[in-house]
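Each residue of the sequence shown is one higher than the one before, counting from 1380 in the working numbering.
Backbone N, C-alpha and C fix where the C-beta goes; we use that ideal spot for every residue, glycine too.
Heads up: the structure comes next, in structure tokens.
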Amino acid sequence: MITDRIDAITHIPEEYKQEKPPCPKSVKIELTGRCNYRCGFCALRMRDCQPKPDEDMSLEFFKKITKEMYDAGCQEVGLFYLGESLMNPKLTVDACDYLKHELGMPYVFLTTNGSLLTETIAHRLMAAGLDSLKFSINAADFDQFEEVMGVKKKYYEKALKAVRIARGVRDCGYHTKLYASSIKYDGAQQERMEQLIADHVKPYVDQHYWLPLYSMGSVATEREAELGYRPTAGNQGRIGGLVKPLPCWSAFTEGHVRSDGQVSLCCFDADGRFQVGDLHKDSWMDIWHNDKFTEVRRAHLAEDLKGTVCEECVAY
């Protein structure tokens, strides 16, 4: 199940607790930096403007870097990072098809807000070999959706419909697993979320799980009052499998690549604060083991982030 894979990444194995760990088995790659939502708690809000379509990652560059990752030991690729990959569905399908049918990547996964998924796109993704399709569902009703996601209410209905569409397509004989995650709120809001998930999500997915409100590099602090409680320090994984914030697994067991080819040490780096290398200039493993990455990992292992770029994120 998806929670087993999540825990395998967030619970740092001993052999990865070093300044220069092995190649991460999982890498998330942002095919596009664009998104049709403007969620109040998301790190994407730190970008001054949306990138242009012609700034999406090229398929040839994607092939180049994933070949390097695969040769170094990567076994899982997420076709997303911060942007909504279905803003460019053709690139997403082509990238999946390359990974599964040409490169032989064992596991390819995608997280989406769902609002752009159509029956045709679902068929193409699953035919391309997508192993996991996960939906992020984080609003209990139309009004909350409009307030928190920052877009028109019509996208809420589309997102919920997409979950049903995906199940119908998957039942045509594809192997793709379907999942969903939601932020765990407090009190009455959580009760409303649980009813929504029970009615509109769980009947159609293989597993649903809850997430804390992550700090997203301190971005989520702006939404504390609206969402009713403080975000967790750093990224502690999923509810039911939380880990301590230090050392942060993001710098040790999972790679993160933005659509412009920049490698980040953080799973929430929308504005480049956490970037440590450029895949247009250096190889994957050269960046994974470079001085910038090594220095930050050393601080995480010592559990003392004073003076580092990560200090604010875990300062709750």
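Note to self: Between the alpha carbons of MET1466 and GLU1409, how many angstroms are there, rounded?
What the structure shows: Between MET1466 and GLU1409, the C-alpha separation is close to 11 Å.
Next item on the list: For SER1561, count neighbouring C-beta atoms within 10 Å of its own C-beta (all shown protein chains included) and say buried if the count is 16 or more, exposed if not.
Entry: By the Cβ-count criterion, SER1561 is buried, with 16 or more other Cβ atoms from all chains shown falling within 10 Å of its own Cβ.
Next item on the list: Answer yes or no: do ARG1676 and GLU1498 have a C-beta to C-beta separation smaller than 8 Å?
Entry: No, the pair does not count as a contact, with Cβ atoms beyond the cut-off.
Notebook entry, point to check: Is HIS1587 helix, strand or coil when you go by DSSP?
Noted result: Here HIS1587 sits in strand by DSSP.
Next item on the list: Return the residue from the list LYS1563, LEU1684 and ALA1507 that minimises the CA-CA distance to GLU1481.
Entry: Of the candidates LYS1563, LEU1684 and ALA1507, the residue whose Cα lies closest to the Cα of GLU1481 is ALA1507.
Notebook entry, point to check: Is HIS1635 helix, strand or coil when you go by DSSP?
Noted result: Three-state result, HIS1635: strand.
Note to self: Going by the DSSP bridge assignment, what does SER1643 pair with across the sheet?
What the structure shows: For SER1643, which the question treats as bridged, DSSP gives the partners HIS1635 and GLN1654.
Check: Can you tell which of HIS1579, TYR1486 and GLY1457 has the C-alpha that lies nearest to the C-alpha of ALA1519?
Finding: When each option's Cα is compared against that of ALA1519, the closest is HIS1579.
Item checked: Span separating the alpha-carbon of LYS1443 from that of ASP1476 -> C-alpha separation (whole angstroms): 15 Å.
Checklist line | Runs of beta strand (DSSP E) wholly within the stretch 1442–1476 (minimum 3 residues, chain order) | finding: Taking only runs of at least 3 residues, the beta strand (DSSP E) segments lying wholly in the stretch 1442–1476 are 1455–1457.
Item checked: Three-state secondary structure (DSSP) of SER1494 -> Of the three classes helix, strand and coil, the one that applies to SER1494 here is coil, per DSSP.
Next item on the list: Please state if the CB of THR1445 and the CB of LEU1509 are separated by a distance shorter than 8 Å.
Entry: The answer is no: Cβ separation not under 8 Å.
Next item on the list: Counting only the same chain and skipping the five closest in sequence on each side, list residues whose C-beta sits under 7 Å from that of MET1505.
Entry: Closer than 7 Å at the Cβ level, and outside the excluded window around MET1505, lie VAL1548, ARG1549, TYR1553 and THR1555.
Next item on the list: Could you give the DSSP three-state label for TYR1416: helix, strand or coil?
Entry: TYR1416: coil per DSSP, three-state reduction.
Next item on the list: Sort ARG1617, THR1491, GLU1455 and THR1673 by Cα distance to LYS1479 and report the nearest one.
Entry: The residue from ARG1617, THR1491, GLU1455 and THR1673 with its alpha-carbon nearest to that of LYS1479 is GLU1455.
Check: By DSSP, does ALA1559 sit in helix, in strand, or in coil?
Finding: Three-state DSSP puts ALA1559 in a strand.
Check: Taking the DSSP output, what are the residues bridged to PHE1514?
Finding: DSSP output for PHE1514 lists THR1491 and ALA1559 as bridge partner(s).
Notebook entry, point to check: Is the distance from the Cβ of ASP1585 to the Cβ of LEU1557 below 8 Å?
Noted result: Yes. Within cutoff.
Margin query: For ASP1450 and GLU1633, I'd like the C-alpha separation in whole angstroms.
Written below: Each residue's alpha carbon lies about 16 Å from the other.
Notebook entry, point to check: Relative to the C-alpha of LEU1496, which residue among GLU1463, VAL1527, ASN1517 and TYR1564 is closest?
Noted result: If we check each option's Cα against that of LEU1496, GLU1463 comes out closest.
Notebook entry, point to check: Can you give the beta carbon distance from VAL1636 to VAL1655, rounded, assuming they're within the 8 Å contact cut?
Noted result: Not confirmed; about 11 Å, so no contact.
Checklist line | Buried/exposed call for THR1389, threshold 16 Cβ in 10 Å | finding: Under a 10 Å Cβ-count criterion, THR1389 is classified as buried, with 16 or more other Cβ atoms of the shown protein chains found around its own Cβ.
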